[in-house]
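Using mature numbering (1 follows the signal peptide of the UniProt record, and there is no 0), the letters of the sequence shown map in sequence onto residues -24 to -1, 1 to 186. Ideal Cβ positions, reconstructed from N, Cα and C, are used throughout, including at glycine. This structure is a prediction, so every number in the text was calculated from the model and none was measured. First up is the structure itself, then whatever we jot down about it.
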Amino acid sequence: MIKHPISVAGVLLALFATAGTALVAVTNDLTADKIAANEREALLQSLSALVPADSIDNDIVTDTTIVKQPDLLGNEQTLVYLGRSKGKPVAAVFTSVVPNGYSGPIKLLVAVRTDGTLGGVRVVSHKETPGLGDKIEETRSNWIYSFKDKSLSNPELSRWKVKKDGGDFDQFTGATITPRAIVNSVKSTLMYFNRYGESLFKKTDKAAKK
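So, in structure tokens, the structure goes:
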């Protein structure tokens, strides 16, 4: 008895689907480690641009802590990477979030040295307008580099604004909201570190001793 063509097609489709699923699963298993390694390397490069590798001797990618200070860091929970040399604190890199970007939240890496100065700032992701707000990217302009070595006393706190608001930081032509929001976020991150910086490293020290 010859099966109905539609039934045969259904069986073949099911077989192809099963084979395809199995192939995807095998491919994922084979590439998962490679993807994880690539992601780690990319993260390490980003962190090394802010905290030079020769200034620390720990694995900054895994030496981390989580803090909860949404009013200053922009997120309910903020991951912080900790750099150390011979066990002593060198810098903390915050995964701060700018909640009020022009087109939505902007994710940052903000490195703060133990003396309260900035090791630098980088934009991790954003949805700002191409040609205007996207100048926050280091590939689009040098603007993001202007934060390096700044602190709450350089410039003084009242000057942590864009120039249009009477501060020291440049804004972009036709796009003031984006740089204004980032300046405020970086300032808030510095304020957090000024208050709680020492406890960041003590917190992980205690965890390591348990």
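- Excluding its 5 nearest sequence neighbours in each direction, E113 has C-beta neighbours in its own chain below 6 Å: V99, listed in chain order.
- Between G80 and S164, the CB-CB gap reaches or exceeds 9 Å.
- Between V66 and Y57, the gap from beta carbon to beta carbon reaches 9 Å or more.
- For the set Q45, S127, G77 and D91, the Cα lying nearest the Cα of K64 is the one of D91.
- When rounded, the separation of the alpha-carbon atoms in N160 and Q21 is 26 Å.
- Distance from the CA atom of S31 to the CA atom of S61, rounded to whole angstroms, is 7 Å.
- In this structure, the alpha-carbon of T152 lies about 10 Å from that of G77.
- In the DSSP annotation of this structure, the continuous segment of the alpha helix (DSSP H) that includes P46 starts and ends at P46 to L49.
- According to DSSP, residue pairing for A68 in a beta bridge involves L58 and V88.
- Its Cα nearest to that of K178, the residue G59 stands out among P75, G59, S134 and L84.
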